[in-house]
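Reviewing the structure listed below.
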Amino acid sequence: MSLFGRIFLLNAVAMVAAVALLVLGPITVSTPALLAEILILVAGLAVLLVANAALIRLGLAPLERLTRAMTTIDLLKPGPRLTASGHGEIADLITTFNGMLDRLEAERGSSSARALSAQEAERRRVAQELHDEVGQSLTAVLLDLKRVADRAPAPTGDELRQVQETVRSTLDEVRRIARRLRPGVLEELGLVSALTALAAEISEHTDVAVRRTFDRHLPDLDEETELVVYRVAQEGLTNTVRHAGARRVELLLRSTSAGVELCVRDDGEGLGDSVEGAGIRGMRERALLVGADLAVGPAPRRGTEVRLVVRTSGRAS
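Reminder that position 24 of the sequence shown reads as 420 in the numbering used here, one-by-one numbering, no gaps.
Laid out in structure tokens, this is it:
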């Protein structure tokens, strides 16, 4: 029965019941009406309205749940689908809404995969150009400066050597940026070695001490999943350095019953009431690509904790 039909039937039953009580029951109405008769009619009307309201609210409850779901849904945080309770159009509406969510999440996942793939390709291209063109040019400048400094008089030679050190620092920074854009260690030596190098780099170039704990035996992960884990760790550490005001950060990678768990936990100021930025949303998009669960929230004591759980059925290696 349609929603209109059910509401009409409820009201019709209530009206018929009221008329039947008036016709067949002992209730009469005098002219003019007596006070007792008025009180009986008012009480009957109140009972009728309350019963009608309760039945209608019960019938429309699935719509209220659907409305709450529509206002709170976030495609970056997939959750369980609504149960298609109710009858007729309500159940069909909930089923259609669930199907729409499935299509939207699939389309968002597909578009995010293409965007992130293009982003990684662009990072590799920029890193290659930095390494091959800018790096080689700076190396040539260093050699020229060394040759000129060795032939120049003492005061000029000292100034040229200072410039040479500046260029050498710039070359190191360019190489470091290239490594962050394209983690060659990840491709050549694997995830643990790449995370170790990342933690060492953060500790060396910032005031944040990184404590790393990695399990020796981890399930096998494909290249795409390893890249997602690495990028989430990289973004988590970068956010800690830039925004958390932390002194220590813990980088944890371990095997669990579900698969692999990555945890980045700092002792900084925490998230507070701040809105999630592009970095966190980027981590969520990456997690969705490999079907992983990402949680960003307060750490057990203080600070912020980023936790990524990658489900896998592979055996530990």
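Where is the CB? At the ideal position from N, CA and C, for every residue including glycine. Bear in mind the structure is a predicted one, so any value in this text is a computation, not a measurement.
Under the three-state reduction of DSSP, which class applies to residue i: helix, strand or coil?
i, result
"proline 694", "strand"
"glutamate 665", "coil"
"aspartate 689", "strand"
"valine 656", "strand"
"glutamate 631", "helix"
"arginine 557", "helix"
"proline 722", "Examination of residue 722 is not possible in this model, given that the chain is present from 397 through 713 alone."
"proline 422", "coil"
"threonine 427", "coil"
"threonine 479", "coil"
"arginine 519", "helix"
"proline 549", "coil"
"glycine 678", "helix"
"isoleucine 490", "helix"
"isoleucine 469", "coil"
"arginine 464", "helix"
Please report the straight-line C-alpha distance between residue i and residue j, rounded to a whole angstrom.
i, j, result
"glutamate 631", "aspartate 568", "21 Å"
"threonine 552", "leucine 541", "11 Å"
"aspartate 618", "glutamine 532", "33 Å"
"aspartate 663", "threonine 621", "28 Å"
"proline 422", "leucine 431", "16 Å"
"leucine 577", "valine 606", "21 Å"
"glycine 673", "arginine 682", "15 Å"
"glutamine 515", "valine 522", "10 Å"
"leucine 454", "asparagine 448", "10 Å"
"valine 570", "glutamate 600", "16 Å"
"valine 446", "leucine 497", "36 Å"
"alanine 712", "leucine 658", "The predicted position of alanine 712 is uncertain, since its pLDDT is 46 and thus under 50; a value taken from the coordinates is nonetheless stated next. If you take the alpha carbons of alanine 712 and leucine 658, they lie about 16 Å apart."
"arginine 638", "alanine 550", "42 Å"
I think residue i touches residue j, with their Cβ atoms under 8 Å apart; what is that distance to the nearest whole Å?
i, j, result
"threonine 634", "alanine 642", "About 12 Å separates the two Cβ atoms, so there is no contact after all."
"valine 706", "valine 660", "Not really, about 14 Å apart at Cβ, beyond 8 Å."
"leucine 594", "alanine 629", "7 Å"
"proline 615", "threonine 708", "5 Å"
"glycine 678", "threonine 700", "About 16 Å separates the two Cβ atoms, so there is no contact after all."
"valine 563", "valine 537", "6 Å"
"alanine 414", "leucine 444", "6 Å"
Taking the beta strand (DSSP E) that residue i falls in, what are its first and last residues?
i, result
"leucine 704", "700-707"
"threonine 609", "605-610"
Can you tell me where the alpha helix (DSSP H) with residue i in it begins and where it stops?
i, result
"glutamate 600", "587-601"
Which residues does DSSP pair with residue i in a beta bridge?
i, result
"glutamate 646", "Arg607 and Arg661"
"serine 533", "Per DSSP, none; premise fails for serine 533."
"serine 651", "Val656"
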